[in-house]
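Student: For the sequence shown, the residue numbers in this note's numbering are 1 to 167.
The beta-carbon is built from N, C-alpha and C at its ideal position, and this holds for glycine as well.
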Amino acid sequence: MTTTRTDATTRIDPVTTADDGAPAPHACACHDGPSRRDVLAGLGALGAAATLAACGGGGNPAASPVATEGLAAGALARVSDVPVGGAVSARLDGTPVIVAQPEEGTFVGISAICTHQGCTVAPSGDGLACPCHGSTFTLTGEVDQGPATEDLPTFALAVEGDQVVRA
Ligand code: FES
1 MTTTRTDATT RIDPVTTADD GAPAPHACAC HDGPSRRDVL AGLGALGAAA
51 TLAACGGGGN PAASPVATEG LAAGALARVS DVPVGGAVSA RLDGTPVIVA
101 QPEEGTFVGI SAICTHQGCT VAPSGDGLAC PCHGSTFTLT GEVDQGPATE
151 DLPTFALAVE GDQVVRA
């Protein structure tokens with residue numbers, strides 16, 4: 001069975017329920033976020049300001065809080081805030097993303113929307129983790145452990161001065 005929901009932009013999205021055998025959404029805050037389509041569309045948009053999130057956006061306490069003061073318009077993070085071999089949570093056009101630095105000086109932008117059921121993925125140790133069902137991902141977005149089977153979409157980043165921006 002398919003129903004519809006309306007989000008803040010009044011776009012209508014089909015929502016699959018358990019009646020058709022698909023996994024039913026559960027009652028966590030994670031699924032109130034944008035859909036995978038929203039993420040891909042958001043990552044394709046250019047020019048809007050990006051700001052860091054105080055958390056992963058999905059209620060994940062493991063997310064790295066990072067100050068946003070002093071960031072230039074469109075900047076995702078300060079270079080000094082992104083640990084080598086780690087990552088921070090950020091927002092790009094309001095969509096939760098990850099800014100990772102798998103190797104010193106190499107920055108990778110990663111969608112923070114889990115490819116399993118849409119929870120917000122957050123930095124966790126030397127990788128990324130989803131709080132809902134335990135999927136983990138590498139700092140380049142590849143699935144490390146399921147149930148997610150698809151890698152997180154990535155996007156190019158660049159360094160401008162002391163800040164990381166979308167390339
Ligand atoms: Fe299920 Fe991420 S939503 S593991």
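Where does Val-79 sit, in a helix, a strand or coil, going by DSSP?
Tutor: If DSSP states are grouped into helix, strand and coil, Val-79 belongs with the helices.
Student: Keeping to the same chain, check which residues put their C-beta closer than 8 Å to that of Pro-102; ignore five residues upstream and five downstream.
Tutor: Gly-85, Val-108, Thr-138, Leu-139 and Thr-140
Student: Does Ala-129 come out as helix, strand or coil in the three-state DSSP assignment?
Tutor: The three-state secondary structure of Ala-129, taken from DSSP, is strand.
Student: Please determine if the region 159-166 and the region 122-135 are in contact, where contact requires at least 3 C-beta pairs separated by less than 8 Å.
Tutor: no
Student: Less than 7 Å between the C-beta atoms of Ala-73 and Pro-96, yes or no?
Tutor: no
Student: Verify the contact flag: Ser-124, CB atom, against every heavy atom of the ligand FES, threshold strictly below 6 Å.
Tutor: no
Student: Any heavy atom of the ligand FES closer than 6 Å to the beta-carbon of Gln-145?
Tutor: no
Student: Per DSSP, Thr-106 is paired with what?
Tutor: Glu-103
Student: With a threshold of 8 Å on Cβ separation, who are the neighbours of Leu-157 within its own chain once the five nearest residues in sequence on each side are excluded?
Tutor: Leu-76, Val-99, Phe-107, Val-108, Gly-109, Val-164, Val-165, Arg-166 and Ala-167
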